[in-house]
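Line by line, the protein sequences are chains A and B.
When we follow my numbering, the leftmost residue of the first sequence carries the number 27, and every step to the right adds one.
When we follow my numbering, the leftmost residue of the second sequence carries the number 27, and every step to the right adds one.
This report refers to the structure that appears directly beneath it.
There are 2 protein chains.
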Amino acid sequence: MALKYSRQRQVIYDFLMTRKDHPTAETVYQNVRQEYPNISLGTVYRNLTLLADMGTIQRLRVGDGIDHFDADTSEHYHFVCSECGGVTDLKMESIAKILETARKDFDGEIQGHVTYFYGICDKCTRRA
Amino acid sequence: MALKYSRQRQVIYDFLMTRKDHPTAETVYQNVRQEYPNISLGTVYRNLTLLADMGTIQRLRVGDGIDHFDADTSEHYHFVCSECGGVTDLKMESIAKILETARKDFDGEIQGHVTYFYGICDKCTRRA
DNA sequence: CATGAAATCAGTAATAATTCCTATTTTTAA
DNA sequence: TTAAAAATAGGAATTATTACTGATTTCATG
Chain A
27 MALKYSRQRQ VIYDFLMTRK DHPTAETVYQ NVRQEYPNIS LGTVYRNLTL
77 LADMGTIQRL RVGDGIDHFD ADTSEHYHFV CSECGGVTDL KMESIAKILE
127 TARKDFDGEI QGHVTYFYGI CDKCTRRA
Chain B
27 MALKYSRQRQ VIYDFLMTRK DHPTAETVYQ NVRQEYPNIS LGTVYRNLTL
77 LADMGTIQRL RVGDGIDHFD ADTSEHYHFV CSECGGVTDL KMESIAKILE
127 TARKDFDGEI QGHVTYFYGI CDKCTRRA
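Following this line, the structure appears as structure tokens:
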């Protein structure tokens, strides 16, 4: 199953790179459709999954039941607003040392961790 | 909407307390059914949601697309095996200080965090 | 104890995100 | 140029979960 070029995959990835929020498959679909009107939702899902499996993009499961996608694969964290549901980047120093803490008293191999922070975002705080 | 006693809710909670893994609604349903044959799946979902909203139990969204539930509401972390999908407790010192780290350079109010560790569990390591 | 309003239930239909299926089109190595 | 492999569009199917409805249970009050 050697990878072949696909215009659709390119457009999906290009779009994702322009976004700092972390859109869902549906949002990617709605936006990509403007430029590529008869792309199908299934194609969007298939390619997002493919890109995530290759490690080209990140799939974020922040707990709202909908997958979000991020073209930035560098180490950084995410914040989820409990009010508006928005998912934003959180630039902060690495907390990778919590892996050591976790390994101290655990049988089995800990390979990684997923952390997301939640609360009320700046915009929603002002609004309240 | 004052809470009224319900036998079903009691049985669901009692069952959940006996388990150290963190069963899904479906697993709770299958087990509770043995003792309470005509309980409905909807009732299981409704009561798990109710208990979680009250803070009596914890809802775990570990990223496998299925909600898991935990009757232990004390501070502790969870490990998810990438091989068998099992969710287990991870007793470790608190990492709550990562909240301070996250707050350093963030506009908006950070109230909490969710962290899951993943890797290969003891059982699956031996099997390989 | 009797009663009735509110809560809960069982059973089933509906929803929503995602995956699967198939006939057709596109890519690309030879 | 060509043909096998990969990808597509469009729609059907799946899966976890929630919503709906008429019947049943709970429980404060008389």
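Note that the Cβ used here is the ideal one computed from N, Cα and C, for glycine as well.
As the structure is a prediction and not an experimental result, all values here were calculated from the model.
query = Mind checking N73 (chain A): buried by the 16 CB within 10 Å criterion, or exposed?
reply = Buried, because 16 or more other Cβ atoms sit within 10 Å of the Cβ of N73 (chain A).
ask   = Roughly how many angstroms separate the alpha carbons of N57 (chain A) and R45 (chain A), rounded to a whole number?
value = Rounded to the nearest angstrom, the two C-alpha atoms are 11 Å apart.
request  = State the CB to CB distance for the pair G145 (chain A) and I136 (chain B), rounded to an integer number of angstroms; the pair is presumed to be in contact (CB under 8 Å).
outcome  = Confirmed, about 4 Å.
task = Output yes or no for whether 9 Å exceeds the beta carbon distance between E86 (chain A) and H104 (chain A).
result = Reading the sequence as shown, one finds Leu at residue 86 (chain A) and not Glu. It is a contact, given that the beta carbons lie within the stated cut-off.
task = Quick one: give me the first and last residue of the beta strand (DSSP E) that E109 (chain B) is part of.
result = Looking at the DSSP string, E109 (chain B) is not in any beta strand (DSSP E), and its letter there is neither H nor E.
Identity of the residue in B:E119, B:Q60, B:D96, B:T82 nearest D131 (chain A) by Cα = It is B:E119 whose Cα lies nearest to the Cα of D131 (chain A).
ask   = Going along chain A, which residues have a C-beta under 9 Å from R19 (chain B)?
value = Nothing about residue 19 (chain B) can be reported from this structure: the residues present for chain B run from 27 to 154 only.
task = Kindly give me the distance between the Cβ atoms of M43 (chain B) and A128 (chain B), rounded to whole angstroms, as I take these residues to be in contact under 8 Å.
result = Incorrect: roughly 33 Å between the Cβ atoms, too far for contact.
Beta-carbon proximity check, G134 (chain B) vs K149 (chain A), cutoff 9 Å = K149 (chain A) is positioned such that its CB atom lies closer than 9 Å to that of G134 (chain B).
query = Along the chain, which unbroken stretches of the beta strand (DSSP E) at least 3 residues long are found entirely within the stretch 115-148 of chain B?
reply = For the stretch 115-148 of chain B, whole beta strand (DSSP E) runs of length 3 or above, ordered along the chain, are 134-147.
message = For H94 (chain A), tell me which candidate among A:D47, A:E101, A:N64, A:R35 has the shortest Cα-Cα distance.
response = Nearest C-alpha to H94 (chain A): A:D47.
task = Indicate whether at least one CB of chain A lies closer than 9 Å to the CB of M80 (chain B).
result = With 9 Å as the cut-off, M80 (chain B) does not count as an interface residue toward chain A.
key: Own chain, CB closer than 7 Å to Y71 (chain B), minus 5 neighbours either side, in chain order   = These residues qualify, in order along the chain: A51.
query = When you compare only the Cα positions, how much space is there between A154 (chain B) and S108 (chain B)?
reply = For A154 (chain B) and S108 (chain B), the distance between alpha carbons rounds to 13 Å.
ask   = Buried or exposed: which applies to Y142 (chain A), given that a residue is buried once 16 or more other Cβ atoms fall within 10 Å of its Cβ?
value = The residue is buried, with at least 16 neighbouring Cβ atoms inside 10 Å.
inquiry  = Would D47 (chain A) pass as an interface residue toward chain B - the criterion being a Cβ-Cβ separation below 9 Å?
reply    = D47 (chain A) has a beta carbon lying at 9 Å or more from every beta carbon in chain B.
inquiry  = Helix, strand or coil, according to DSSP, for R85 (chain B) in the structure here?
reply    = Three-state DSSP puts R85 (chain B) in a strand.
request  = Measuring only between beta-carbons, confirm whether V140 (chain A) sits less than 9 Å from chain B.
outcome  = Yes, V140 (chain A) counts as interfacial toward chain B.
inquiry  = Can you tell me which residues form a DSSP beta bridge with F95 (chain A)?
reply    = In DSSP, F95 (chain A) forms a bridge with A:R85.
ask   = Who does H104 (chain A) pair with in a DSSP beta bridge?
value = Within the DSSP bridge table, the entry for H104 (chain A) names A:D115, A:Y142 as partners.
query = What does T50 (chain B) pair with, by DSSP beta-bridge criteria?
reply = B:H94, per the DSSP bridge assignment.
key: Contacts around F41 (chain B), its chain only, beta-carbon distance under 7 Å, and the 5 residues preceding and following it disregarded   = These residues qualify, in order along the chain: V54, N57, V58.
ask   = Thinking just about the alpha-carbon of each residue, which of A:E101, A:V113, A:C110 is nearest to the one in A122 (chain A)?
value = Among A:E101, A:V113, A:C110, the Cα nearest to that of A122 (chain A) is on A:E101.
query = Listed from N- to C-terminal order along the chain, which residues in the stretch 114-125 of chain B have their beta-carbon within a distance smaller than 8 Å of any beta-carbon of chain A?
reply = Listed by position, the residues of the stretch 114-125 of chain B near chain A (Cβ gap below 8 Å) are L116, K117, M118, E119, I121, I124, L125.
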